[in-house]
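Undergrad: My questions all concern the structure below.
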Amino acid sequence: MSSANIPSPYKRAGYDVYQVDIKLGIDILELQPEDIPDNVYGILAAPPCTDFAGSGAQYWKAKDLDGRTDSSLALVDKTLEIISWCDPKFWVLENPVGRLSKLRPQLGDPWYFQPWHYGDAYTKKTGLWGTFNKDLIKQEVTPDPNSWIMKLGGKSERTKELRSMTPLGFAEAFFKANP
């Protein structure tokens, strides 16, 4: 997904975890079936949210016109293709509230969560699509408007990376429900 948080519980449990990320020098668009390990158990995916998230709706028209939306949709489509190659026990695609379901209606309606449902005291409604156990054990806390993540501002790449990170509490709850 968008950070090392979501696969961390799987790594700790001894799963072989392969991360595909252009920032790591691996372009998902270039992957072929022979590049994928045998017996993939699960797929955790988080395409870049910048062209789908509702928080950037004011930029959608420009992104649609200049091709950025199509480039991001190509990543989603390739992810779905890889999922079809692997037929994993579970798969999940994560993205914040936005327009992904509208642009790819075959995904269906998302299942939403909030970080505060799983012990992280902030809000960031996030959608999940896929085939996975949704019976996650909640550890609700009260959202704190003064939490460090709620105060993040600015447009630096580091700030964007921090805001896109999968909440640790959710990552643990997801793993326990989808071991």
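When the count follows our numbering, it moves up by one through the sequence shown with no breaks and lands on 1408 for the last residue. Glycine included, C-beta positions come from ideal geometry on N, C-alpha and C.
#1: Among residues of its own chain, excluding the 5 on either side of aspartate 1349, which ones have a beta-carbon nearer than 6 Å to its beta-carbon?
#2: Could you give the C-beta distance for asparagine 1407 and glycine 1271, rounded to a whole number, given that I count them as a contact under 8 Å?
#3: In the structure shown, what three-state DSSP assignment does valine 1305 receive?
#4: Would you call glycine 1254 buried or exposed, if buried means 16 or more other Cβ atoms sit within 10 Å of its Cβ?
#5: By the three-class DSSP mapping on this structure, what secondary structure does tyrosine 1288 have?
#6: Considering only residues of the region 1325–1366, which uninterrupted alpha helix (DSSP H) runs meet the minimum length of 4 residues and lie entirely inside it, listed in chain order?
#7: Excluding sequence positions up to five away, which residues of its chain have a Cβ less than 8 Å from the Cβ of leucine 1304?
#8: Quick one: what does DSSP say tryptophan 1320 is sitting in, helix, strand or coil?
#9: According to DSSP, simplified to helix, strand and coil, what is glycine 1271?
#10: My guess is that alanine 1282 and glycine 1327 are in contact by the Cβ rule of under 8 Å, so how many angstroms apart are they, rounded?
#11: Pairs of beta-carbons, one from the region 1363–1376 and one from the region 1312–1332, closer than 8 Å: are there three or more?
#12: Glycine 1359 and leucine 1322 look like a contact to me (Cβ under 8 Å); what is the Cβ gap, rounded to whole Å?
#13: Exposed or buried, glycine 1296, counting other C-beta atoms within 10 Å across all chains shown (16 or more means buried)?
#14: So, for proline 1325: in the same chain, excluding its five sequence neighbours on each side, which residues have a beta-carbon less than 8 Å away from its beta-carbon?
#15: Aspartate 1293 to alanine 1274, Cα distance in whole Å?
#16: Within its chain, find whatever has a CB closer than 7 Å to the CB of proline 1238; leave out the 5 residues flanking it on each side and keep chain order.
#17: Quick one: residues in its chain with C-beta nearer than 8 Å to the C-beta of proline 1262, no 5 flanking neighbours on either side, listed in chain order?
TA: In short:
#1: Along the sequence shown, read from residue 1 onward, the residue named residue 1349 stands at position 120. Correct list, in chain order: Pro1396 and Gly1398.
#2: Here residue 1407 refers to the residue found at position 178 of the sequence shown. Here residue 1271 refers to the residue found at position 42 of the sequence shown. Yes, asparagine 1407 and glycine 1271 are in contact; Cβ-Cβ is about 7 Å, under 8 Å.
#3: Here the question's residue 1305 lines up with position 76 in the sequence shown. Residue state, collapsed to three classes: helix.
#4: The residue given as residue 1254 occupies position 25 in the sequence shown. By the neighbour-count criterion, in which 16 or more other beta carbons inside 10 Å mark a residue as buried, glycine 1254 falls on the exposed side.
#5: Working through the sequence shown from its first residue, we reach residue 1288 at position 59. The answer is helix: DSSP assigns tyrosine 1288 an H, G or I state.
#6: With a minimum length of 4 residues, the continuous alpha helix (DSSP H) runs that stay inside the region 1325–1366 are 1329–1332.
#7: As a first step, residue 1304 is located in the sequence shown; it is residue number 75 there, counting from the start. Ile1257, Leu1258, Pro1276 and Pro1277.
#8: In the sequence shown, the residue the question calls residue 1320 occupies position 91. Residue state, collapsed to three classes: strand.
#9: Position 42 of the sequence shown, counted from the start, is the residue given in the question as residue 1271. In the three-state reduction of the DSSP assignment, glycine 1271 falls in the strand class, which pools E and B.
#10: Working through the sequence shown from its first residue, we reach residue 1282 at position 53. Working through the sequence shown from its first residue, we reach residue 1327 at position 98. Confirmed, about 4 Å.
#11: They do not touch, by the three-pair rule.
#12: Counting from one through the sequence shown, the residue named residue 1359 turns up at place 130. Counting from one through the sequence shown, the residue named residue 1322 turns up at place 93. Yes, they are in contact, since the Cβ atoms of glycine 1359 and leucine 1322 sit about 6 Å apart, within 8 Å.
#13: As a first step, residue 1296 must be located in the sequence shown, where it is residue number 67. Classification for glycine 1296: exposed.
#14: Taking the sequence shown and counting its residues from 1, the one referred to as residue 1325 is at position 96. Taken in chain order, the residues that qualify are Cys1278, Phe1281, Ala1282, Gly1283, Ser1284, Lys1353, Lys1354, Thr1355 and Gly1356.
#15: For the purposes of this step, residue 1293 is taken as residue 64 along the sequence shown, with counting starting at 1. For the purposes of this step, residue 1274 is taken as residue 45 along the sequence shown, with counting starting at 1. Distance between the alpha carbons of aspartate 1293 and alanine 1274 is about 23 Å.
#16: Here residue 1238 refers to the residue found at position 9 when the sequence shown is read from its first residue. Closer than 7 Å at the Cβ level, and outside the excluded window around proline 1238, lie Ala1400, Glu1401 and Phe1404.
#17: Within the sequence shown, numbered from 1, the residue matching residue 1262 stands at position 33. If we look at proline 1262 and ignore the five residues flanking it on each side, its Cβ neighbours are Trp1314.
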